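Sequential numbering of the sequence shown, starting at 5, is according to this note's numbering.
The C-beta atom is built at its ideal place from N, Cα and C for all residues, glycine as well.
Given the structure is predicted, the values throughout are model-derived calculations rather than measurements.
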Amino acid sequence: MKDKNTAVDETNKYILIDSMGQGMGCCCLQTAIQGSNLEETRHLFDMMGILSPLLLRLSRGTPCANGKLLNTETRWDMLEMSVDCRTDQERGSNWDVSGNKVEYNYNTEIPKSRFSPLDLFISNHQHFKENIMIFTFQ
5 MKDKNTAVDE TNKYILIDSM GQGMGCCCLQ TAIQGSNLEE TRHLFDMMGI LSPLLLRLSR
65 GTPCANGKLL NTETRWDMLE MSVDCRTDQE RGSNWDVSGN KVEYNYNTEI PKSRFSPLDL
125 FISNHQHFKE NIMIFTFQ
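What follows is the structure, encoded as C-alpha cells:
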C-alpha cells in the first residue's frame with residue numbers, strides 16, 4: 005500500500021516473491037470434496053465456485069508479503085500470478101521479453117490463468133443452462 009508519504013523508487017515499486025511456494029504456501033486450508041456420482045460432483049463444483057470467493061473475502065489472511073503491505077488482503081492474486089504458466093503469446097502480449105514487437109501467425113490467447121475464477125458452471129441443472137462456451141480448434 006502506498007499513500008502520499010510513500011517514496012516510490014525502483015527498489016520498492018514491486019513486491020517480488022521468489023518461488024511458487026510463497027504463493028501456494030500462504031495461509032490456506034485446502035480440502036477435497038467427493039460427490040457420490042458425476043452429477044452431484046458437478047453440482048458441488050459449481051456451488052464451491054460461488055462459495056469460495058465469499059469465504060476468501062471473510063478470511064482476509066494475507067495483508068503482507070516480504071514485509072510490505074499488499075493492495076489486497078488475500079493471497080489469491082499472489083497465488084494466481086505465481087502459478088501462471090502461460091507464455092507471452094498466450095497472455096496476448098505482442099512483445100517478447102527483450103522488448104521487441106512480435107507478430108504471431110495465429111491467435112492462441114488464453115484469457116485467464118488456470119487459478120482464475122470460474123468461467124462457466126458445469127452441472128446440468130436448469131438454472132445453469134445459459135452457459136456460453138467458446139472453443140478454439142487448431
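Nearest to residue i by CA position, among the options, is which residue?
i	options	result
VAL106	GLY96, ILE114 and PRO115	GLY96
THR76	VAL87, ASP88 and SER63	SER63
GLY103	THR112, GLU113, ASN109 and ASP92	ASP92
GLN34	LEU42, LEU60, LEU73 and SER40	LEU60
PRO57	ASP81, PRO67 and SER40	ASP81
THR10	PRO67, HIS131 and LEU73	LEU73
CYS89	HIS47, PRO115, GLY71 and LEU55	PRO115
PHE125	LYS8, GLU43 and ASP7	GLU43
Based on the DSSP output, what are the partners of residue i in its beta bridges?
i	result
CYS68	LEU73
TRP99	LYS105
Do residue j and residue i have their beta-carbon atoms positioned less than 8 Å apart in this structure?
i	j	result
THR78	GLY65	yes
ASP50	SER120	no
HIS131	HIS47	no
Is residue i buried or exposed, if buried means 16 or more other CB atoms sit within 10 Å of its CB?
i	result
LEU83	buried
TRP99	exposed
SER86	buried
Once the 5 residues before and after residue i are set aside, which same chain residues still bring their CB inside 7 Å of it?
i	result
THR112	GLN93 and GLU94
Please return the same chain residues whose Cβ sits closer than 6 Å to the Cβ of residue i, not counting the five positions on each side in sequence.
i	result
LEU122	GLY53
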